[in-house]
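Just so we're on the same page, the numbering used here is the position in the sequence shown counted from 1, plus 388.
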Amino acid sequence: MEQLPLVRQLDMAFKRLYGEMDFLSSGTVFVQIRNNSIGKFGIRHNPVESRDGVLHETKGLTEAQKKSFAEMAVHSLKMKKHWTHGEIYYDFTVRQNVLVTSVQFESNYNMANLLTEISQNRY
389 MEQLPLVRQL DMAFKRLYGE MDFLSSGTVF VQIRNNSIGK FGIRHNPVES
439 RDGVLHETKG LTEAQKKSFA EMAVHSLKMK KHWTHGEIYY DFTVRQNVLV
489 TSVQFESNYN MANLLTEISQ NRY
């Protein structure tokens with residue numbers, strides 16, 4: 389995976405999730421990154437609501453919405469700066485048949501690595 393660009397990895401991850409998105413109108417796609425490679429990824433589904441004890445199936449994302457969502461996710465990587473470990477969260481919801489998305493970045497650092505750099509006078 390290290391030889392595949394992060395952009396390509398993210399595109400592959402989203403395409404893998406397309407089947408789930410067929411049945412979701414909202415949720416959060418999460419991507420865990422280590423050394424600029426995607427490890428774990430998936431979707432946190434928003435709760436399914438019921439009325440009078442009956443669960444109602446929700447209409448999921450259309451093909452066009454899924455493609456637009458994946459393109460936004462790939463473009464958002466341009467905002468990722470100076471970190472190689474962390475997570476990205478892509479929230480999505482469909483409101484009045486319009487897909488609304490947002491992105492949140494979380495960078496992670498390891499103090500043990502920093503201390504090693506300091507001890508080797510590289511900091």
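All C-beta atoms in this analysis are idealised placements derived from N, C-alpha and C, irrespective of residue type, glycine included.
Other residues of its chain near residue i: CB distance less than 7 Å, five sequence neighbours each side excluded
| i | result |
| --- | --- |
| residue 422 | 473 |
| residue 398 | 419, 426, 461, 462 and 465 |
| residue 352 | Here the chain comprises residues numbered 389 to 511, so residue 352 is not present and cannot be evaluated. |
Environment of residue i [buried if 16+ CB atoms lie within 10 Å]
| i | result |
| --- | --- |
| residue 467 | exposed |
| residue 447 | exposed |
Three-way DSSP call (helix, strand, coil) for residue i in this model
| i | result |
| --- | --- |
| residue 489 | strand |
| residue 406 | helix |
| residue 479 | strand |
| residue 412 | coil |
| residue 420 | strand |
| residue 454 | helix |
| residue 395 | helix |
Rounded C-alpha distance that separates residue i from residue j
| i | j | result |
| --- | --- | --- |
| residue 401 | residue 484 | 27 Å |
Distance CB(residue i)-CB(residue j) smaller than 9 Å
| i | j | result |
| --- | --- | --- |
| residue 417 | residue 407 | no |
| residue 498 | residue 475 | no |
Close Cβ partners of residue i (< 6 Å) along its chain, the five nearest in sequence each way excluded
| i | result |
| --- | --- |
| residue 477 | 416, 418 and 492 |
| residue 458 | 402 |
| residue 454 | 406 and 409 |
Cβ shell of residue i (< 8 Å), same chain only, five flanking positions each side left out
| i | result |
| --- | --- |
| residue 449 | 409, 410, 412, 413, 457, 480, 482 and 487 |
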